[in-house]
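**Student:** I'd like to ask some things about the structure below.
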Amino acid sequence: MPVRLQENPVYPSLSPPISSSTNVSLYSNILPPEQLADTRLLIGIMFTIAPIALFLHITIIYIIFISNKRQKYKNTFYRLVVCISCTDIYWCHYQLYQGLCNVMGYCPGGELVNVIISCGAQFIFFFCMNMDLLIAFNRFSAVVLCERHDKIFSNKNGMIYILLFMIGSSFECIPTWIYKKKYVSLYVVADLEFQPIMNRLADLERNEIG
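So the sequence shown is numbered by the numbering used here: it starts at 2 and just counts up by one.
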């Protein structure tokens with residue numbers, strides 16, 4: 002069963018809607034037409050692009066690790082590609098969860114799940130960017146440092162690089178983890194359009210009560 006949102010500890014006046022159906026029915030009264038259209042477009046993109054990307058990245062992992070051609074993909078470069086695909090797979094699930102939150106009017110996982118998912122998404126973002134740099138250096142060394150490329154990016158060194166980049170990405174997330182521990186709200190995961198909508202819903206409810 003979905004976890005019902007509790008009162009926001011940071012903004013006590015920001016209370017969740019009574020139900021998801023009430024929330025959906027209020028969208029057209031709260032948002033101007035152009036912003037409502039943008040929100041619908043955003044949700045449509047989340048539920049369209051993410052599944053396509055998910056399928057493509059799973060296919061890449063299948064080809065490199067499981068298919069009959071996997072013997073061709075043993076060097077470090079393809080391991081880096083698999084790492085990038087894994088980060089994108091996580092991000093696709095994150096986008097689908099955001100879309101679900103927008104459609105339902107609340108996040109079904111509850112606060113703890115929201116914190117874990119959003120913190121994980123930030124770690125994945127930093128790790129993906131760092132891996133892009135590592136892949137760029139891998140291609141650079143293959144051309145400019147071709148005589149030493151196999152030594153620089155041996156299988157052992159490749160795994161060490163990946164581990165170091167994971168640790169570095171974790172350190173990059175520390176300020177956000179500290180902030181969310183102190184000031185987290187139940188809407189932290191839906192950081193695109195959901196928070197402004199919830200703020201306006203809360204204002205509308207206060208006006209009705211007043």
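A virtual CB, placed ideally from N, CA and C, is assigned to each residue, including glycine.
Taking 8 Å as the cut-off, decide whether the C-beta atoms of Leu134 and Tyr162 are in contact.
**Tutor:** Against a cut-off of 8 Å, the Cβ pair of Tyr162 and Leu134 comes out as no contact.
**Student:** CB Met47 to CB Gln123, shorter than 8 Å?
**Tutor:** Going by C-beta atoms, Met47 is not nearer than 8 Å to Gln123.
**Student:** Tell whether a beta-carbon distance below 8 Å holds between Ala54 and Cys93.
**Tutor:** Yes, Cβ-Cβ distance for Ala54 and Cys93 is below 8 Å.
**Student:** For Val152, does the three-state DSSP call read helix, strand or coil?
**Tutor:** Going by the sequence as given, residue 152 is Lys instead of Val. The answer is helix: DSSP assigns Lys152 an H, G or I state.
**Student:** Taking Leu165 as the reference, give the member of Glu112, Phe128, Cys108 and Val83 with the closest Cα.
**Tutor:** Closest by alpha carbon: Phe128.
**Student:** Suppose contacts are defined by Cβ-Cβ distances below 8 Å. Is Met160 in contact with Cys84 by that definition?
**Tutor:** No, these two residues do not count as a Cβ contact at 8 Å.
**Student:** Cys108 by DSSP, collapsed to three states: which one?
**Tutor:** Three-state DSSP puts Cys108 in coil, outside helix and strand.
**Student:** Hey, how far is the Cα of Ser171 from the Cα of Ile117?
**Tutor:** So the alpha carbons of these two residues sit roughly 14 Å apart.
**Student:** Return helix, strand or coil for Ser171, following the three-state DSSP convention.
**Tutor:** Helix, per DSSP.
**Student:** Beta-carbon within less than 7 Å of Phe126's beta-carbon, same chain only, minus the 5 sequence neighbours each way: which residues are those?
**Tutor:** Result list for Phe126: empty, nothing under 7 Å.
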